[in-house]
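Student:
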Amino acid sequence: MSEDDTGRGKVFCLGFPKTGTTSLEVALQRLGYKVCRGASSNNHSNFLMALKVLGDTDEIARVIRHFDAFADMPFGGTDLYLWLSRRYPEARFLHTIRAPEQWYQSILNQLAKVSKGPAPMLDAFHAAGGYGAAMIVRREWGITDPLAQKGAMLRYYEGMNAAILAHFNGCERFHSFDLTEERDWRSLCGFLGRPVPDQPFPHENPGQGKAPGSAPSAR
């Protein structure tokens with residue numbers, strides 16, 4: 001089997017948006033990976049999220065061929081990890097986590113950046129260009145109003161993270177870590193077998209959300 005078939009050399013981040021995935025993307029780029037960066041301003045991001053909702057994993061695999069590392073939705077925040085771990089048995093999997101309440105507030109902060117009028121947050125996010133993300137939140141997370149459905153949001157977040165940890169329990173190709181507590185190179189480079197760069201670990205736009213049409217920022 002070719003490396004494209006086994007996933008050797010590829011890295012998938014399974015963490016939700018707003019768990020430091022932008023910092024992780026920058027870190028992986030500095031380590032030499034060609035990163036499929038997640039942002040609603042990227043055509044491939046909206047395309048991949050729509051493919052996940054539609055269940056077209058063959059087309060997702062076609063996109064995966066063009067990159068070495070992947071972060072943000074649909075790779076994180078959904079159950080795509082089940083297919084990824086079967087389809088790419090030699091890939092490595094990173095799992096960024098964050099305290100649930102902090103994660104939820106960060107999601108609201110991001111949505112508030114584009115929610116200026118009376119329209120519901122998710123509708124405003126969609127109107128601003130976050131088509132794929134809004135689709136994932138509605139259809140995969142089962143959320144139509146993040147502000148009113150805090151309990152459901154937190155249950156989905158905690159349940160998905162628990163399912164990921166259970167699925168990869170004992171797997172040497174899996175590493176779960178909290179970038180709010182382990183913001184250095186040692187953990188990541190040790191897992192990937194890469195030398196530690198002689199520069200600080202990236203910390204992209206701490207505490208800020210990202211509007212759909214803006215440049216990539218901390219997630």
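Each residue of the sequence shown is one higher than the last, beginning at 1 in the UniProt record's numbering.
From the three backbone atoms N, C-alpha and C, an ideal C-beta is built for every residue, glycine too.
From what residue to what residue does the beta strand (DSSP E) around ILE97 run?
Tutor: As a first step, residue 97 must be located in the sequence shown, where it is residue number 97. Element bounds for ILE97: 92-97.
Student: On the CB-based measure, 16 or more other CB atoms within 10 Å of its CB, does CYS171 come out buried or exposed?
Tutor: For the purposes of this step, residue 171 is taken as residue 171 along the sequence shown, with counting starting at 1. Exposed, because fewer than 16 other Cβ atoms sit within 10 Å of the Cβ of CYS171.
Student: Would you please state the rounded distance, in angstroms, between the beta carbons of MET135 and ALA71? I believe it to be under 8 Å.
Tutor: Working through the sequence shown from its first residue, we reach residue 135 at position 135. Working through the sequence shown from its first residue, we reach residue 71 at position 71. At roughly 18 Å, the Cβ-Cβ gap does not stay under 8 Å, so MET135 and ALA71 are not in contact.
Student: Counting only the same chain and skipping the five closest in sequence on each side, list residues whose C-beta sits under 8 Å from that of HIS167.
Tutor: Residue 167 sits at position 167 when you count from the first residue of the sequence shown. Hits under 8 Å: TYR81, LEU82, SER85.
Student: Going by C-alpha distance, which of GLN110, LYS18, ALA128, VAL35 is nearest HIS203?
Tutor: For the purposes of this step, residue 203 is taken as residue 203 along the sequence shown, with counting starting at 1. Among GLN110, LYS18, ALA128, VAL35, the Cα nearest to that of HIS203 is on LYS18.
Student: Provide the residue span of the beta strand (DSSP E) that contains HIS175, from first to last.
Tutor: By 1-based counting over the sequence shown, the position of residue 175 is 175. HIS175 -> beta strand (DSSP E) spans 174-178.
Student: Rounded C-beta distance between ALA133 and ILE143? I'm assuming under 8 Å.
Tutor: Within the sequence shown, numbered from 1, the residue matching residue 133 stands at position 133. Within the sequence shown, numbered from 1, the residue matching residue 143 stands at position 143. Wrong, their Cβ atoms sit about 11 Å apart, outside the cutoff.
Student: Can you check which of these residues, GLN102, ASP5, SER115, is closest to ILE64 by C-alpha distance?
Tutor: In the sequence shown, counting from the first residue as 1, residue 64 sits at position 64. Selected option, being the one with the closest Cα: ASP5.
Student: On the three-pair Cβ rule with 8 Å, is the region 11-28 touching the region 95-109?
Tutor: Taking 8 Å as the limit for Cβ pairs, the verdict is that the region 95-109 does touch the region 11-28.
Student: Report yes if the CB atom of TRP185 is closer than 9 Å to the CB atom of ALA69, and no otherwise.
Tutor: Position 185 of the sequence shown, counted from the start, is the residue given in the question as residue 185. Position 69 of the sequence shown, counted from the start, is the residue given in the question as residue 69. Cβ distance not < 9 Å, so TRP185 and ALA69 don't count as in contact.
Student: Name the one or two DSSP bridge partners that ALA69 has.
Tutor: Sequence index remark: in the sequence shown, residue 69 carries index 69 (1-based). Paired residues: VAL11, VAL35.
Student: If you check the beta carbons only, do ARG87 and GLY7 fall under 9 Å apart?
Tutor: Taking the first residue of the sequence shown as 1, we reach residue 87 at position 87. Taking the first residue of the sequence shown as 1, we reach residue 7 at position 7. Yes.
Student: Just to confirm the assignment, what range does the alpha helix (DSSP H) spanning THR57 have?
Tutor: Counted from its first residue, the sequence shown places residue 57 at position 57. Where THR57 is concerned, the enclosing alpha helix (DSSP H) stretches over 57-64.
Student: In whole angstroms, give me the CA-to-CA distance for ARG183 and PHE47.
Tutor: Position 183 of the sequence shown, counted from the start, is the residue given in the question as residue 183. Position 47 of the sequence shown, counted from the start, is the residue given in the question as residue 47. In a straight line, the C-alpha of ARG183 is about 31 Å away from that of PHE47.
Student: Under 8 Å by Cβ, that's how I've got PHE75 and LYS34 pegged, so tell me the actual separation to the nearest angstrom.
Tutor: Within the sequence shown, residue 75 is the residue found at index 75, counting from 1. Within the sequence shown, residue 34 is the residue found at index 34, counting from 1. The pair is not a contact, with the Cβ atoms about 15 Å apart (cut-off 8 Å).
Student: So which of ASP79, GLU90, LEU24 has the shortest CA-CA distance to VAL53?
Tutor: Looking up residue 53 in the sequence shown gives position 53. Among ASP79, GLU90, LEU24, the Cα nearest to that of VAL53 belongs to ASP79.
Student: Could you tell me which whole alpha helix (DSSP H) segments of length 4 or greater appear in the region 91-159?
Tutor: With a minimum length of 4 residues, the continuous alpha helix (DSSP H) runs that stay inside the region 91-159 are 100-112, 121-127, 131-139.
Student: Could you spell out where the alpha helix (DSSP H) holding PHE47 opens and where it closes?
Tutor: Indexing the sequence shown from 1 puts residue 47 at position 47. Its alpha helix (DSSP H) spans residues 43-54.
Student: For PRO216, which of helix, strand or coil comes out of DSSP?
Tutor: For this step, residue 216 is matched to residue 216 along the sequence shown. Bear in mind that the predicted position of PRO216 carries a pLDDT of just 33, short of 50, making it too unreliable to give a figure here.
Student: Relative to the C-alpha of HIS44, which candidate in LEU108, GLY130, GLU90, LEU111 has its C-alpha closest?
Tutor: Taking the sequence shown and counting its residues from 1, one reaches residue 44 at position 44. The residue with the shortest Cα to Cα distance from HIS44 is GLY130.
Student: State yes or no: is the C-beta of ARG92 within less than 9 Å of the C-beta of PHE201?
Tutor: Counting from one through the sequence shown, the residue named residue 92 turns up at place 92. Counting from one through the sequence shown, the residue named residue 201 turns up at place 201. Contact flag unset, no.
Student: Would you tell me roughly how many angstroms separate the C-alpha atoms of MET121 and LEU188, rounded to the nearest one?
Tutor: Mapped onto the sequence shown, residue 121 falls at position 121. Mapped onto the sequence shown, residue 188 falls at position 188. When rounded, the distance between both Cα atoms is 35 Å.
Student: In terms of residue numbering, what span does the alpha helix (DSSP H) encompassing CYS189 cover?
Tutor: Position 189 of the sequence shown, counted from the first residue, corresponds to residue 189. Element bounds for CYS189: 185-192.
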